[in-house]
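Positions 780 to 1228 (my numbering) are the ones given, in order, by the sequence shown.
Structure, as structure tokens:
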Amino acid sequence: MKVLVIGAGGREHALAWQCAKDDKVEKVYVAPGNAGTALEPKCQNIVLENKNTDNEHSAVIEFCQYNDIDIVIVGPEAPLVTGIIDACRDAGIKAWGPTAYCAQLEGSKTFAKEFMQNNNIPTAAYQGFTDAASAKVYVDEQGAPIVIKADGLAAGKGVIVAETTEQAYAAIDDMLADNKFGDAGSRVVIEQFLQGEEASFICMIDGDNILPMATSQDHKRAFEGDTGPNTGGMGAYSPAPVVTDDVHNKVMTQVIQPVVDAMKTAGHPYTGFLYAGLMIDDAGNPSVIEFNCRFGDPETQPILMRLQSSIVDLVAAGLAGQLPDEADWDKRPALGIVIASKGYPETSSKGDVISGLPELDDQQFVKVFHAGTDFAKEADNLDANINANAQNDSDREIVTNGGRVVCVTALADSISDAQQAALTVAGAISFEGAHYRRDIGHQAIARES
780 MKVLVIGAGG REHALAWQCA KDDKVEKVYV APGNAGTALE PKCQNIVLEN
830 KNTDNEHSAV IEFCQYNDID IVIVGPEAPL VTGIIDACRD AGIKAWGPTA
880 YCAQLEGSKT FAKEFMQNNN IPTAAYQGFT DAASAKVYVD EQGAPIVIKA
930 DGLAAGKGVI VAETTEQAYA AIDDMLADNK FGDAGSRVVI EQFLQGEEAS
980 FICMIDGDNI LPMATSQDHK RAFEGDTGPN TGGMGAYSPA PVVTDDVHNK
1030 VMTQVIQPVV DAMKTAGHPY TGFLYAGLMI DDAGNPSVIE FNCRFGDPET
1080 QPILMRLQSS IVDLVAAGLA GQLPDEADWD KRPALGIVIA SKGYPETSSK
1130 GDVISGLPEL DDQQFVKVFH AGTDFAKEAD NLDANINANA QNDSDREIVT
1180 NGGRVVCVTA LADSISDAQQ AALTVAGAIS FEGAHYRRDI GHQAIARES
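Listed below in structure tokens is the structure:
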């Protein structure tokens, strides 16, 4: 069996690693991948050049047809929003993910909020704006704290939790007047600030059947104590103790099942991963902060560290409309710590040499998933379209190539033990400007104590 994983981040490294563990899988291609996926056994990075201006996904289709790809797994949101699943299905290629219509749940905050409102899915009160003056009047009426969101895709950074009216004004000006997020910020959604504890609830859906993945919780804020600007995620752990059996049932009945039912009624059955970012209040009631139409990052890394079922078998079952109700999970928790590059999340650094990365098989219960990594260009003598195998790559310098560089993920008997194991390995990894949080999992560790 041959699998193609689309994407370049830590999520895609984790997905490729899990796919490659399946004995049925002969080869996992990753487009474009990173230094970590290039080094994984049975994995090969590829660069797909789109030569058909009428179809931005033609390179994927041509590669799959030429190389007899059995399954395509799409990692990031952007190709899903632009219809890669629709294009693959039209070409007879089995691809896992939601259609462009369903992916609007992530691609447009306005679509998502209206969808939730129309289907009685609990979420914060909101209003959308394209005019800065009107948006500021609404902020004055509501008061702070308040949440300002870019309507479109902004790589996880288009959400500002404004503690003061002045911060809310600045966020509105950044998005609507100064075009900080480009087209993604040409419309903003302003939401009520919700109190509680966050959790990530991720499912696989085949149009009818729902397979909940292990629960998780990520840390969006850049600095310790959950302070600083929002990021794409500075770390995550699984399971999330805040998701009790009662909360789990509420999420399934009040959030996930209504999405499945409404999309099916609309004639667009939801398939693929669905991520519900939740706020759980003190009474155990969930509200949806956001929907993502793909596996979360960095939640994927600790979740897949715990997955004992074959991800390939689960995806194949989903493509056949036969998802099981449950998967097999390691009972031990897992925790991942993101090491970010200089300036992240406002800027990112490229080309800084990374030292201290462990060998792939050095740590049995710790895995370093690569995200923003590459090989040093001066040593780059690779073919233009297909990277060399691990034997050619193993001696090459690895450098930074983005904001979130690696996610050090550990599996242990407790969240605190997993945190310490991840911190030990993270402490040995260095590059200019490297920074990471040392308190990932603090809420779960407080519960353990």
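Where a beta carbon is used, it is the ideal one built from N, C-alpha and C, also for glycine.
Roughly how many whole angstroms lie between the Cα atoms of Ala-1001 and Tyr-845? Going by the C-alpha atoms only, they are around 43 angstroms apart.
Decide yes or no for the touch test of the segment 1039-1053 against the segment 1211-1226: beta carbon pairs closer than 8 angstroms, at least 3 of them. No: fewer than three Cβ pairs fall under 8 angstroms.
Can you tell me whether DSSP reads Asp-985 as helix, strand or coil? Note: Asp-985 maps to strand in three-state DSSP.
Roughly how far, in whole angstroms, is the beta-carbon of Leu-827 from the beta-carbon of Val-809, given that I think they are within contact range, below 8 angstroms? Contact annotation, Leu-827 with Val-809: C-beta distance approximately 11 angstroms; criterion of less than 8 angstroms not satisfied.
Per the DSSP calculation, Lys-928 is bridged to which residue(s)? DSSP output for Lys-928 lists Val-938 and Val-968 as bridge partner(s).
Would DSSP call Gln-921 helix, strand or coil? In the structure shown, the three-state DSSP call for Gln-921 is helix.
Return the chain-ordered list of same chain residues with a C-beta closer than 8 angstroms to the C-beta of Tyr-1123, the five sequence neighbours on each side being excluded. Take Tyr-1123, set aside five residues on each side of it, and the residues of its chain with a beta-carbon closer than 8 angstroms to its own are Ala-1001, Thr-1010, Gly-1182, Arg-1183 and His-1214, in chain order.
Where Cys-1072 falls: helix, strand or coil (DSSP): Residue state, collapsed to three classes: coil.
Can you give me the C-alpha to C-alpha distance between Ala-950 and Pro-1008, rounded to a whole angstrom? Note on geometry: alpha-carbon atoms of Ala-950 and Pro-1008 lie some 12 angstroms from one another.
First through last residue of the alpha helix (DSSP H) which encompasses Ser-837: Here the alpha helix (DSSP H) through Ser-837 covers 837-846.
Of the listed residues Val-1039, Ala-795, Leu-1202 and Lys-803, nearest to Ile-984 (C-alpha basis): Selected option, being the one with the closest Cα: Val-1039.
What's the C-alpha gap between Gln-996 and Leu-1114? C-alpha separation (whole angstroms): 10 angstroms.
Count the C-beta pairs between the segment 1191-1211 and the segment 1089-1109 that are closer than 8 angstroms, then say yes if the count reaches three, no if not. At 8 angstroms Cβ cutoff, the stretches do not touch.
May I have the straight-line CA-CA distance separating Lys-803 from Asp-1107, to the nearest angstrom? Rounded to the nearest angstrom, the two C-alpha atoms are 18 angstroms apart.
Could you spell out where the alpha helix (DSSP H) holding Lys-806 opens and where it closes? Taken as a continuous stretch (DSSP letters only), Lys-806 belongs to no alpha helix (DSSP H), being part of the beta strand (DSSP E) at 806-811.
Once the 5 residues before and after Leu-1053 are set aside, which same chain residues still bring their CB inside 6 angstroms of it? Closer than 6 angstroms at the Cβ level, and outside the excluded window around Leu-1053, lie Cys-982 and Ile-984.
Completely contained beta strand (DSSP E) runs for the segment 1037-1091, where each covers 3 or more residues: Counting whole runs of 3 or more residues, the segment 1037-1091 contains the beta strand (DSSP E) stretches 1050-1059 and 1065-1071.
For Ser-1134, collect the residues of the same chain with a Cβ closer than 6 angstroms to its Cβ; drop the 5 residues on either side in sequence, then sort them by chain order. Here the set comprises Ser-1209.
Can at least three beta-carbon pairs, one atom from the segment 1059-1077 and one from the segment 896-903, be found at a separation below 8 angstroms? Three or more beta-carbon pairs separated by less than 8 angstroms link the segment 1059-1077 to the segment 896-903, which places the two stretches in contact.
Proximal residues to Val-1187 (C-beta, below 6 angstroms), its chain only, five neighbours per side dropped: Scanning its chain for C-beta atoms nearer than 6 angstroms, with the 5 sequence neighbours on each side dropped, one finds around Val-1187 the residues Ile-1116, Val-1147, Ala-1201, Val-1204 and Ala-1205, in chain order.
Apart from the five residues just before and just after Ala-993, which ones in its own chain have a Cβ nearer than 7 angstroms to its Cβ? For Ala-993, where only same-chain residues beyond five positions count, the Cβ hits under 7 angstroms are Ser-1017, Pro-1018, Ile-1082, Arg-1085 and Trp-1108.
In chain order, what residues of the same chain lie with their CB nearer than 8 angstroms to the CB of Tyr-917, ignoring the 5 residues before and after it? Residues of the same chain with a CB within less than 8 angstroms of the CB of Tyr-917, apart from the 5 flanking positions on each side, are Gln-906, Phe-908 and Ile-969 in chain order.
Please check the pair Phe-1233 and Leu-1057, which I expect to be a contact at CB under 8 angstroms, by giving their CB distance rounded to whole angstroms. Look at the range of the chain in this structure, 780 to 1228, and you will see that residue 1233 is not part of it.
Are the Cβ atoms of Asp-1131 and Thr-1179 separated by less than 8 angstroms? A contact, by the Cβ cut-off of 8 angstroms.
Please state whether DSSP places Arg-790 in a helix, a strand or coil. Three-state DSSP puts Arg-790 in a helix.
Whole angstroms is fine: what's the gap from Val-782's alpha carbon to Phe-1154's? Between the C-alpha atoms of Val-782 and Phe-1154 there is a straight-line separation of about 23 angstroms.
The alpha helix (DSSP H) spanning Ser-1195 covers which residue range? Start and end: 1194-1207.
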